[in-house]
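All the letters of the sequence shown, read from the start, carry residue numbers 14 to 626 under this note's numbering.
Heads up, the beta-carbon is just placed ideally off N, CA and C, and yes, glycines get one too.
Written below as structure tokens is the structure these notes are about.
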Amino acid sequence: MSPPSSPSLLLSDLSPAARAAFGTTGRLLSCLVIESLARGIYLKLPTVDGVAIGAYKADDILAIVALRHVPIFKHDGTDPRGQEVGLLDITDMAPLVLEFDPEAGAGQQPHEHAILTEAVIKAISGPGWDLSMSAPLIPSRSPLPLWEAFGRRLNIKESMLNEISAGLESSVLWQKYTFENPPQAPQLSSPSIDWEQSIVEGHPTHPMYKARQFPPPLPDYAPGTYDFYNTTLRLVGVPRANLKITGDFERYAAPLVAAASASAGEDLPVPENFVVVPVHELQTASITAKFPDAVVFPAAFSVPILGQLSIRSFLVPTAFRELSMKVGLGIKLIGDVRTISPVAAHFVPRFSAQVVPALTMDRRLVTVARELASVVHTHPDDEVAGHCTAIIREAHDSISEKRGERHIVCSSLSEKGHAGEGGHLPSVIRVFELDTEAKRLEWLDRYVKLFFEAFLPPMLHNGVVFECHPQNCVARFDLETKELIGFVIRDMEGVRVHVESLRASTGVELDFLPGHVLAEPHDLYAQMYDTGVRNHLQQLIRTLGLHHSGSGWALVRRHLQTQIPCEHVLHDAWLAPENRTFSGKCFMRMCLEDLLVYYMPVPNLILYEGEEA
């Protein structure tokens, strides 16, 4: 907590602009520390919970972060000045980041946080520190100066520095708009699509978590000028010879063509030997620019769509009842252009048809939203081809009410800051009335149990791991009792397979391509740890207020002890006391090194027992 004489350090007291800046800055600093790009040192101050800093002179200190909670320390840290931070999360932080500003007047400390800054200066004025020539310490108002200072110290090339700066700036801009125009708080009675569209913040750890950028030929849309959740689907025609079609795509897409024709009041004029490919309306400019063989049909042949969380996935109410779609979209979201790779487009229908039926899974607990058919252009450049891609998949949420269920995308459970009554509370606490710690523990206990019962068996028995982060997982709740009854897993693009394990356990032979194949079983466990534990369960445990006490992770350990056989290599990999770290994905290193994926050892959250004294 902040000192009584200092201004309140509460997120709710900040303006939308300040909250947005802190959201991006905090995630950026978190990644830099976790990925060992910057050293985080914890100092306990007499008047505050603590601060995390890094280095020796003022020029070496990137930032000083006020903390509400003690972070997770490195088990092998050796810095004599303080405990080294291994995992710093934005929920550990108070909304105050300080930086030395050489352009501010000498000796001028910010009045609003004078007591805190004086305490910090005093704490870092002892042995191991040299602040004799330091500039004033001021509150950070934007992530950009911090990022640019970091980038120049590491001699990051200018183009990369500017690219990431643009992503951070976009994230702040779009987050500010959402804070100013929050979605309505969803209820259990709300349709599943309302939950998909209820996201206030989104990804809990990625620094560019709200970024929306529009590479040419798209115009640069400002926040609020385009409704991504309620828009239209356009149709284009492409010569059959220039497409790779997997599954019975044309049969599944026929209702789209019929709906578009009904909208236009005439039949769609499809040239002979052409195939109709659905595209997002924002994608028509890219189709025209990149595919001269394509025919973009008039806007009259449009179909309304309801965007899901990822924007490029959506429902088509006038054409589909039990199906949904995912298309390539040339918008840069969370640092990546959201097209669909030709490899993924060809893989997912075959995986759904041939592998999913053979997996060891409790079908009462987990339903796979199979991807039934796809189409992708045969352009020789895969990055270009991905702009003309479409996948048709099952949509179980559209018919869930018939079964007495409400399907809720798991990301939305942790969201808060909605408009409407109780909108300041996380949805999971508000909707399920988890107003005591005992209720939250009981709710989480069932969630963790069913989560592992759903997703561990195909990994342990078949060598198949689903990308079960909370955007891909949909929780199934009984509409009468509100009880969790299982999950739907969607988006097979992120599935990874250890081919030898799959072949030995099922006899299935599939011509897997490199992007979906993992060399060793350990790589499966890293994928599950990162998406399922570090991302999905950590976010939920922190939202429920069960992280810093360690009680949420005690539940995780108990269920893993029950569900992973003692003799299985995963048991010790995750649960042995000496395995204090495990492989985790590194977003900033992926950006800096232009890699699709980068893993390195990070603190093993499964073993976390609560804040250290």
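### Query
In terms of residue numbering, what span does the alpha helix (DSSP H) encompassing residue 188 cover?
171 to 193
### Neighbourhood of residue 549 by C-beta distance below 8 angstroms, restricted to the same chain and skipping five residues each side
423, 464, 481, 482, 483, 486
### Query
Which term fits residue 88, buried or exposed, when burial requires 16 or more other beta carbons within 10 angstroms of its beta carbon?
exposed
### Message
I'd like to know whether the C-beta atoms of residue 37 and residue 181 end up nearer to each other than 8 angstroms.
### Response
yes
### Query
For residue 473, does the three-state DSSP call read helix, strand or coil?
helix
### Query
By how many angstroms is the C-alpha of residue 507 removed from the C-alpha of residue 370?
18 angstroms
### Message
On a Cα-Cα basis, can you pick out the residue from 492, 381, 47 that is closest to residue 414?
### Response
492
### Backbone CA spacing between residue 560 and residue 103 [nearest angstrom]
13 angstroms
#### Entry: Close beta carbons around residue 307, own chain, < 6 angstroms, minus the five adjacent residues each side
249, 251, 300
### Query
Exposed or buried, residue 367, counting other C-beta atoms within 10 Å across all chains shown (16 or more means buried)?
exposed
### Residue(s) in a DSSP beta bridge with residue 491
418
### Query
Are the beta-carbon atoms of residue 402 and residue 340 separated by less than 8 angstroms?
yes
### Query
When the Cα of residue 355 is compared with those of 394, 322, 365, which residue comes out closest?
394
### Query
Any idea if residue 14 is buried or exposed, counting beta-carbon neighbours within 10 angstroms, 16 or more meaning buried?
Note that residue 14 has pLDDT 34, beneath the 50 cutoff, so the model's placement of it is unreliable and the number below is only indicative. It counts as exposed.
### Task
Identify the continuous alpha helix (DSSP H) that holds residue 247 and give its terminal residues.
No alpha helix (DSSP H) contains residue 247, which is instead part of the beta strand (DSSP E) from 243 to 252.
### Task
Sort 472, 518, 278 by Cα distance to residue 542 and report the nearest one.
472
### Query
Does the distance from the C-beta atom of residue 391 to that of residue 255 stay below 8 angstroms?
yes
#### Entry: Option in 51, 289, 618, 320 with minimal Cα separation from residue 539
618
### Task
Tell me residue 207's beta-bridge partners as DSSP assigns them.
Paired residue(s): none; residue 207 is not in a bridge.
### Message
Using the three-state DSSP reduction, which class does residue 599 fall into: helix, strand or coil?
### Response
coil
### Query
Using the C-alpha atoms, what's the distance from residue 84 back to residue 624?
7 angstroms
### Query
Are the beta-carbon atoms of residue 358 and residue 314 separated by less than 8 angstroms?
no
### Message
Looking at residue 406: is its Cβ nearer than 8 angstroms to the Cβ of residue 378?
### Response
no
### Message
Suppose you measure from the CA of residue 489 to the CA of residue 282; what does that come to, to the nearest Å?
### Response
42 angstroms
### Query
Can you tell me whether DSSP reads residue 336 as helix, strand or coil?
strand
### Query
How about residue 509 and residue 523: are their beta carbons less than 8 angstroms apart?
no
#### Entry: First through last residue of the beta strand (DSSP E) which encompasses residue 296
From DSSP, residue 296 is part of no beta strand (DSSP E); its letter is neither H nor E.
#### Entry: Coil, strand or helix - residue 83 by DSSP
coil
### Message
Taking the beta carbon of residue 421 as the centre, do at least 16 other beta carbons fall within 10 Å, making it buried, or is it exposed?
### Response
buried
### Task
With DSSP as the reference, label residue 374 as helix, strand or coil.
coil
### Query
How big is the Cα-Cα spacing for residue 455 and residue 114?
48 angstroms
#### Entry: Three-state class that DSSP yields for residue 406 in the structure shown
strand
### Own chain, CB closer than 6 angstroms to residue 46, minus 5 neighbours either side, in chain order
53, 98, 101
### Query
Exposed or buried, what is residue 95 when buried is set at 16 or more other beta-carbons lying within 10 Å of its beta-carbon?
buried
### Task
With DSSP as the reference, label residue 18 as helix, strand or coil.
Bear in mind that a pLDDT of 40 at residue 18, under 50, signals an unreliable position, so the model cannot answer this.
### Task
Evaluate residue 202 with the Cβ neighbour count: other Cβ atoms within 10 Å of its Cβ, from every protein chain shown; 16 or more gives buried, anything less gives exposed.
exposed
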